[in-house]
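Sequential numbering of the sequence shown, starting at 1, is according to the working numbering.
Positions of the beta carbon are idealized from the N, C-alpha and C atoms, including for glycine.
Below is one structure, written out as structure tokens; the observations come after it.
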Amino acid sequence: MPWLACDSVHAAFVRFSNRAGRDHNIAVGRYVIMQDHAHLFVCGDQEFILGQWIGHLKQALGKAAKRSRLKARIWQEGCFDHLLRNDESYSQKWNYVRENPVRAGLAKNWEDWPYQGEIVYIDRV
1 MPWLACDSVH AAFVRFSNRA GRDHNIAVGR YVIMQDHAHL FVCGDQEFIL
51 GQWIGHLKQA LGKAAKRSRL KARIWQEGCF DHLLRNDESY SQKWNYVREN
101 PVRAGLAKNW EDWPYQGEIV YIDRV
């Protein structure tokens, strides 16, 4: 059941990401929120534990979608991460990710999808 691609979840994602940057020095860059999953570029310092942070993000988005009271599982187990080693890799991955709504038939152009953006610019130099 698609539940992520809505205004309340998008707003919660932006709030969570801004707070992560302000309070924990965790940068959330470009992102695309799809109907049942999200793609995002994130980086933190040496103490940053991605899995733990993703758990907090899932809780925040579940609450925003009013899904936390449901007994059914709303998230897949784990998450897939990929270490980006250079600007070329970042650009290639972003080009793929941003086209997800188009490939899914949700938008004619990636720019038309309302649940995508960039919180902060992540410099890969």
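Asked                                                                                                                                           : Found
According to DSSP, Ala27 sits in a beta bridge with which residue or residues?                                                                  : Cys43
Could one say the Cβ of Ser8 lies closer than 8 Å to chain D's Cβ atoms, at least one of them?                                                  : No chain D is present in this structure, which holds just one protein chain.
State the beta-bridge partners of Val120 as determined by DSSP.                                                                                 : BP columns for Val120 are empty, so no partner.
Exposed or buried, what is Phe80 when buried is set at 16 or more other beta-carbons lying within 10 Å of its beta-carbon?                      : exposed
Note down the Cα distance separating Arg69 from Phe41, rounded to an integer number of angstroms.                                               : Residue placement at Arg69 cannot be trusted, given a pLDDT of 49 that sits under 50; what the coordinates show is reported in the next sentence. Taking the straight line from one Cα to the other gives about 29 Å.
Just mark Leu33 as buried or exposed, buried being the case when its beta carbon has 16 or more other beta carbons within 10 Å.                 : What sits at residue 33 in the sequence shown is Ile, not Leu. Buried, by the Cβ-count rule.
Can you tell me whether Tyr83 is buried or exposed? The criterion is at least 16 other CB atoms within 10 Å of its CB, across all chains shown. : Going by the sequence as given, residue 83 is Leu instead of Tyr. Per the 10 Å Cβ criterion, exposed.
Do Val14 and Ala20 have their beta-carbon atoms positioned less than 8 Å apart in this structure?                                               : no
Which residue's Cα is closest to the Cα of Lys58: Phe16, Tyr121, Trp110 and Asn109?                                                             : Phe16
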